[in-house]
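Residue numbers for the sequence shown follow the numbering used here, beginning at 1116 and rising by one.
Beneath this line is the structure, given in structure tokens, with notes to follow.
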Amino acid sequence: MTPFNETDQLILGKYYNVRCAKLRMDWSEVLYIPIIGEKHKDPQFSVEDEHYHIDGRFADLGSGYKYTVDENGKTNGIVIVGKYFETEFIEVVVRRMKCKRLTTGVKPPADAVKYWTWHDSMIGKSCKGRKCPHLGTLMVEQNGVLVCPLHNLHGSIESETIIEIPR
Ligand code: FES
């Protein structure tokens, strides 16, 4: 199964081949968490573990685990590669999943000083070709601006540069 191209325009309710992190809980339950972007670390805001981001367009709303998203597909959860508390990352697989919403991304807390210091250092950088200046992730148009689905940088469609956002 070939996973869909993450640049595609999705249609609500339609099923897609989606990359998922296969996780095993200590009590043997297996979870499949939809992921977006490539595996990376974020030492600039003290996330030293390799991780993937959750694709909130396909993820479930609150099920009691930390891999859930809000009604806009936003979350501050990530999928750590390796053993993390009660979960163990097994592998990346492709699964058929329903598109539940059209938006995804992180929800940085307003008081996350390291995050906002890094964020502000990116303002004015080029996102030409809709490529995020952080890791080259494709930015998606949402409400008239470009939004990176990984760490929430926003860009102007006209100037193709990263812009300031309210916090
Ligand atoms: S990849 Fe980090 S904000 Fe885009």
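For each residue, glycine too, the CB sits at the ideal point set by N, CA and C.
* Asked: Hey, P1224 and N1267 are a contact pair by Cβ (cut 8 Å); roughly how many whole angstroms apart?
  -> Their Cβ separation, rounded to whole angstroms, is 12 Å, which puts P1224 and N1267 out of contact at 8 Å.
* Cβ-heavy atom distance, H1249 to the ligand FES, below 6 Å -> yes
* To do: With a floor of 4 residues, list each alpha helix (DSSP H) that falls wholly inside the region 1226-1265, ordered by position along the chain.
  => 1228-1236
* Asked: Which word fits V1208, buried or exposed, when buried means at least 16 other C-beta atoms lie within 10 angstroms of its C-beta?
  -> exposed
* Asked: Is the beta carbon of T1252 within less than 6 Å of some heavy atom of the ligand FES?
  -> yes
* Asked: Would DSSP call P1158 helix, strand or coil?
  -> helix
* With a 10 Å radius around its C-beta and 16 neighbouring C-beta atoms as the bar for buried, classify Y1167 as buried or exposed. => buried
* Asked: How about P1264 and I1151: do their beta carbons lie closer than 7 Å?
  -> yes
* Can H1266 be considered in contact with the ligand FES, in the sense that its beta carbon sits closer than 6 Å to one or more heavy atoms? -> yes
* Asked: Using a threshold of 6 Å, is the CB atom of C1263 nearer than that to any non-hydrogen atom of the ligand FES?
  -> yes
* How would you label L1127, buried or exposed, when you count the other beta carbons within 10 angstroms and need 16 or more for buried? -> exposed
* To do: Could you tell me the distance, in whole angstroms, from the CA atom of G1244 to the CA atom of E1163?
  => 29 Å
* Can you have a look at R1211 and say buried or exposed, based on whether 16 or more other CB atoms are within 10 angstroms of its CB? => exposed
* Going by CA-CA distance only, name the one from I1277, I1193, R1216, Q1257 that's closest to E1186. => R1216
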